[in-house]
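**Q** Before anything else, here's the structure in question.
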Amino acid sequence: MYLRAELVLFVNLCAAAAAAGPPTDQSTLKNVVSSLKEENSFKLLIEEVIVKSLQASNCIAVITDPMNNEIFITEWYKRFGLFISFIMINIEENEDLLTPYENTKESLMLAKTEGCQLYIILLSNGMQLSRLLRYGDRYRVLGIRSKYIMLFDNRLFEPHLHYLWKRIINVIFIKAHLGLNQDKKHLPWYEITTVPFPSPITSVFIPRRLAIWTQNRFRKAVDLFKDKTVDLRNQTLNVVAFSHLPGTAKNEKIDSQSVRATLGQNETKFSGAEVEILQTVSKAMNFQPKLYEPPNADLELWGKKQVGGKFTGIIGEMIDSFADIALGDLYYTPYLLDMMDLSVPYNTECLTFLTPEALNDNSWKTLILPFKSTMWACVIVCLILCGVVFHFLARFHQYLAEEEEEPDRPEISLFIKKKQIITLPVFYTEEKFDSNAKYMLMKEQYTAPTVEGQPMGLYQFTEPFNSILYTYSMLLLVSLPKLPTGWSLRVFTGWYWLYCLLVVVAYRASMTAILAKPQPRVTIDTIEELLDSKLSYGGWGEINKEFFKSVQESATKNLDIVDFSVTITHLLAVLWSDLSSNLKRLVQFKPKRDISVFMHLGLLKILQQLVKVLNIILPPQFATVPSN
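Letter by letter, the sequence shown follows residues -19 to -1, 1 to 609 in mature numbering (1 follows the signal peptide of the UniProt record, and there is no 0).
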């Protein structure tokens, strides 16, 4: 039984290499490889390829079967220093790699997550290797941008596998050839080949030779993993697109002079930001883009998953390898990255939760925030009551003063307002006065004459309006123009001033705290905050569904993911049934030309078009519109 789990091995430099000093990793590897004179040629070839293709601080995924597993022993790992990690995956001879074991799946996913730069796949069974490549391409568990070392097998190049070699292009195949005899000059030699990309693959796959390995060395220096995308040699690449502003815009019979870049054939051309980028990239990489629209592009747009597992739209075109490039404002989301490779982002958009601003902004209530509503109600009630008390106390003291001055005067009601008319000359004509004297005379005209012993300051509260006004002014810490007479009025004024002082101090302290630390606005940046809020939320589409499924389980336990197709089918069926039954009743009791009959018939036809647009299959009884 062979182990099918991943083994990540971090090994130290051997003692001899450590004692030799601090040379670079690659030079150390070359020195070690050159000193292995007793190792077999194939093992040295693998090590030489690793030295030429791998950089320090990277990961190597090794996938072998029992026949080739003996190459990778403990001493083999120790030769590659400290900064290289290995993920070892042992495959059983009878394992179907189109549906591999769980340990194999987890190991492949680990290699992809760790970003392994090099895959060494030494499987003697070419059919088993082809099924592994098909599984890796279908579920995207193999890094397309990584480098691959495989054993040559003609079964890998059958026509139904040609699409793989348009995606996996950084690959070399090792084919062993036996020597004529066993002397040292005719040792087994190996042919290194690769895919013919960017040249198109015809009905017969013809690999391109890169190098020959013989006598434990390459015949000539060669770059085994040369970048094949620098020059695509004027090849034609299929580009699928649909109209989606501002990336792409479909323009029929457009004048090429009115836009900066257009691509397309016949009467339909595409323009937009992504079209301009594609045109620039095509000139730099030397290829010809051929734009086309997928079937039902206006309805399918990006595409969605069908019942059989196939996709429509531009996603379906990319998955089925009909298109090489897709244009359509594609975002960096796990949903899309699991289906295709995306280019370097050319634009960044911030998407967030939109909440009503009116519910969060309370700056207009800053003046009333220091006190609660009950406190404000108490302050207003105290203001009115104290104003009334001040008024009655002032009238009471005024009544007492009048009683002392005129004891024989008949009793006057407390609430009768006394009027006094004083006639004074406006100015004197006999002699001239200076400005100060004139001011004093003018003041005397508007000042009531006072009598010795007459109470002072009562005029502030004798009028009801003035009483409320002066009471409110004391609440604002505005001093009275004259201290009122009467001990009861003065004592009440003193206690009221103390009350005003406490209220104002409390108000100022609360206001200072609010201004220093304003109330935070309600923002929603995470799923947890969305769930904790009282807002209604929802989403529509496969991408949103996958997004909510990818978040933490603790956050999604309160989310209900509803199958839209089932829900909308049920709703449309119920609506169709109600409209049909109502139409039948109307036809029985009303003439066929009645307006209500036409309205129900029109709604049924609209509903039928909606079913076609949404591609929903209704039960047979709802398939046709009743005739009128």
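Yeah, the Cβ is synthetic: ideal placement off N, Cα and C, and Gly gets one too.
1) How would you write the range of the beta strand (DSSP E) that LEU479 sits in, first residue to last?
2) Our contact map puts ASP279 next to ASN219 with C-beta atoms below 8 Å; I'd like the distance itself, whole angstroms only.
3) Please list, in chain order, all residues of the same chain as TYR179 whose beta carbon is under 7 Å from its beta carbon, the five residues on each side excluded.
4) Going by DSSP in three states, TRP146 sits in which element: helix, strand or coil?
5) Go to ALA278, then tell me how far its beta strand (DSSP E) extends in each direction, as first and last residue.
6) May I ask you to verify whether the region 448 to 462 touches the region 363 to 380, counting CB pairs closer than 8 Å and requiring at least 3?
7) So, with DSSP's three-state summary, where would you put LYS346?
8) How about the region 100 to 113 and the region 60 to 80: do they share at least three Cβ pairs that are nearer than 8 Å?
9) If we count Cβ pairs, one from each stretch, closer than 8 Å, do we get three or more for the region 355 to 364 versus the region 440 to 447?
10) According to DSSP, is GLU274 helix, strand or coil?
11) For PHE352, does the three-state DSSP call read helix, strand or coil?
12) Take the Cβ of VAL176 as the centre, count every other Cβ of all protein chains shown within 10 Å, and call the residue buried at 16 or more, exposed below.
13) Could you round the C-beta distance between TRP283 and ILE296 to whole angstroms and report it? I think they count as a contact, below 8 Å.
14) Taking C-alpha atoms, which residue in MET108, PRO227, ALA222, SER34 lies nearest to ASN151?
15) Between the beta-carbon of LEU381 and the beta-carbon of PHE473, is there less than 8 Å?
16) Find the nearest neighbour of VAL43 within the set ASN277, ARG119, LEU99, LEU482, judged by alpha-carbon distance.
17) If you follow the alpha helix (DSSP H) that THR45 is part of, which residue opens it and which one closes it?
18) Taking DSSP's pairing of strands, which residues face TRP357 in a bridge?
19) Can you give me the start and stop residues for the beta strand (DSSP E) that ASN219 sits inside?
20) Taking the straight line between their C-alpha atoms, what separation do you get for LEU348 and PRO462?
21) What does DSSP give as the partner residue(s) for GLU139 in the beta ladder?
22) Taking the C-alpha atoms as reference points, what is the distance between VAL203 and PHE303?
23) So ILE101 and ILE153 are supposed to be a Cβ contact under 8 Å. How far apart are they, rounded?
24) List the endpoints of the continuous alpha helix (DSSP H) containing GLU87.
25) For a test of the three-state rule: what should DSSP assign to TYR327, helix, strand or coil?
26) If the criterion is Cβ atoms closer than 8 Å, does the pair GLU172 and LYS147 meet it?
27) Within a Cβ cutoff of 8 Å, which residues of the same chain sit near THR85, ignoring the five residues on either side of it in sequence?
28) May I ask which residues mark the beginning and end of the beta strand (DSSP E) holding ARG119?
29) Which first and last residues belong to the alpha helix (DSSP H) in which ASN447 is found?
30) Express the C-alpha separation of PRO181 and TRP170 in angstroms, rounding to a whole number.
31) Just curious, the alpha helix (DSSP H) that SER34 is in, first and last residue?
32) Who are MET131's beta bridge partners in DSSP?
33) Can you give the Cα-Cα distance for LEU10 and ASN197, rounded to whole angstroms?
34) Sort SER514, VAL211, SER224 by Cα distance to ILE505 and report the nearest one.
35) By alpha-carbon positions, which one of LYS286, THR229, HIS372, GLU56 ends up nearest to ARG471?
**A** In brief:
1) That residue, LEU479, is in no beta strand (DSSP E); its alpha helix (DSSP H) goes 468 to 497.
2) ASP279 to ASN219, Cβ: 20 Å. No contact.
3) Reading the sequence as shown, one finds Pro at residue 179 and not Tyr. Taking C-beta separations shorter than 7 Å and ignoring five residues to either side along the sequence, the partners of PRO179 in its chain run LYS209, LEU213, ARG214, GLN216, following chain order.
4) helix
5) Boundaries around ALA278 are those of the alpha helix (DSSP H), 278 to 281, since no beta strand (DSSP E) includes it.
6) yes
7) helix
8) By the Cβ test, the region 100 to 113 is in contact with the region 60 to 80, since at least three Cβ pairs between them sit closer than 8 Å.
9) no
10) Three-state DSSP puts GLU274 in coil, outside helix and strand.
11) coil
12) The Cβ neighbour count for VAL176, taken over all protein chains shown within 10 Å, is at least 16; the residue is labelled buried.
13) 6 Å
14) SER34
15) Contact flag unset, no.
16) LEU99
17) Counting along the chain, THR45 falls outside any alpha helix (DSSP H), though it belongs to the beta strand (DSSP E) covering 39 to 45.
18) The partner list for TRP357 (beta bridge, DSSP) is empty, contrary to what the question assumes.
19) Element bounds for ASN219: 216 to 222.
20) 28 Å
21) For GLU139, which the question treats as bridged, DSSP gives no partner whatsoever.
22) Across the structure, VAL203 and PHE303 are spaced so that their CA atoms are roughly 34 Å apart.
23) The pair is not a contact, with the Cβ atoms about 11 Å apart (cut-off 8 Å).
24) GLU87: member of the alpha helix (DSSP H) spanning 83 to 95, first to last residue.
25) The three-state reading of DSSP puts TYR327 in coil, since its state is none of H, G, I, E or B.
26) GLU172 places its beta carbon 8 Å or farther from that of LYS147.
27) ARG(-16), ILE70, ILE72, GLU76, LEU78
28) Unbroken run through ARG119 is the alpha helix (DSSP H), 107 to 120; no beta strand (DSSP E).
29) 445 to 456
30) 29 Å
31) 22 to 34
32) ILE102, PHE154
33) Because LEU10 sits at a pLDDT of 44, beneath the cut-off of 50, its placement in the model cannot be relied upon, and the point is left open.
34) Residue SER514 is the option with its Cα nearest to ILE505.
35) HIS372
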